[in-house]
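First residue of the sequence shown? That's 26 in our numbering, and the numbers climb one at a time after it.
Each residue gets a CB set at the ideal place from its N, CA and C atoms; glycine is no exception.
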Amino acid sequence: MTGSDTDGRTLSGIVLDYAGVLTDSGGENLLELVDIARDHGVRTALLSNAAGGGSVRRRLHGRFDDLVFSGEVAVMKPEPEIFLLTAERLGVPPEACVFVDDAPGNVWGAVAAGMVGIRHSSVAETIGELLALFPDLRAGTPREPSTDAPF
Numbered sequence: 026m027t028g029s030d031t032d033g034r035t036l037s038g039i040v041l042d043y044a045g046v047l048t049d050s051g052g053e054n055l056l057e058l059v060d061i062a063r064d065h066g067v068r069t070a071l072l073s074n075a076a077g078g079g080s081v082r083r084r085l086h087g088r089f090d091d092l093v094f095s096g097e098v099a100v101m102k103p104e105p106e107i108f109l110l111t112a113e114r115l116g117v118p119p120e121a122c123v124f125v126d127d128a129p130g131n132v133w134g135a136v137a138a139g140m141v142g143i144r145h146s147s148v149a150e151t152i153g154e155l156l157a158l159f160p161d162l163r164a165g166t167p168r169e170p171s172t173d174a175p176f
């Protein structure tokens with residue numbers, strides 16, 4: 026399964042920030058969408074400027090195809106290199122990845138690396154934007170999202 030953006034790019038990867046995105050109220054709904062995306066063959070990664078994974082790694086191990094922490098790779102957002110590294114670890118060109126973060130500078134860094142950027146302001150809006158880019162995730166999902174999921 027792939028999506029496409031307004032430029033007609035084929036999209037096949039989703040990269041999410043942790044703090045300020047998955048920690049936002051309703052963040053579990055984003056994790057459900059990540060699960061559905063993975064079921065549809067979309068590659069997924071968590072990208073955090075944290076020093077190391079610790080409890081986040083334990084909590085999210087298995088929910089993403091890869092977990093990338095700045096402290097472990099010695100480069101931080103918004104440097105384009107960390108986005109390029111994350112895409113490489115996913116096996117997806119950066120142009121095929123969508124990056125979600127609440128910090129505008131980090132979104133611009135991802136765009137500079139070639140990714141599609143989404144500035145997170147609420148879980149419902151972010152899910153809506155991801156579903157617009159990956160419409161196949163909305164219909165015929167192989168798992169049932171929670172009843173309060175906005176998709």
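Per DSSP, cross-strand counterpart(s) of residue i
i, result
"PHE94", "SER73"
Beta-carbon gap between residue i and residue j smaller than 9 Å
i, j, result
"ILE39", "ALA62", "yes"
"ASP49", "LEU71", "no"
"LEU110", "VAL125", "no"
"ALA149", "GLY51", "yes"
"ARG88", "VAL59", "yes"
For residue i, three-class secondary structure by DSSP
i, result
"PHE89", "coil"
"ASP32", "coil"
"GLY165", "Only weak support is given to the placement of GLY165: the predicted model assigns it a pLDDT of 46, under 50, and the question is left unresolved by the model."
"ASP126", "strand"
"GLY38", "strand"
"VAL67", "coil"
"VAL148", "helix"
"GLU57", "helix"
"GLY45", "helix"
"VAL132", "helix"
Option nearest residue i by Cα separation, candidates the options
i, options, result
"GLY77", "ALA99, GLY139, TRP133 and LEU36", "ALA99"
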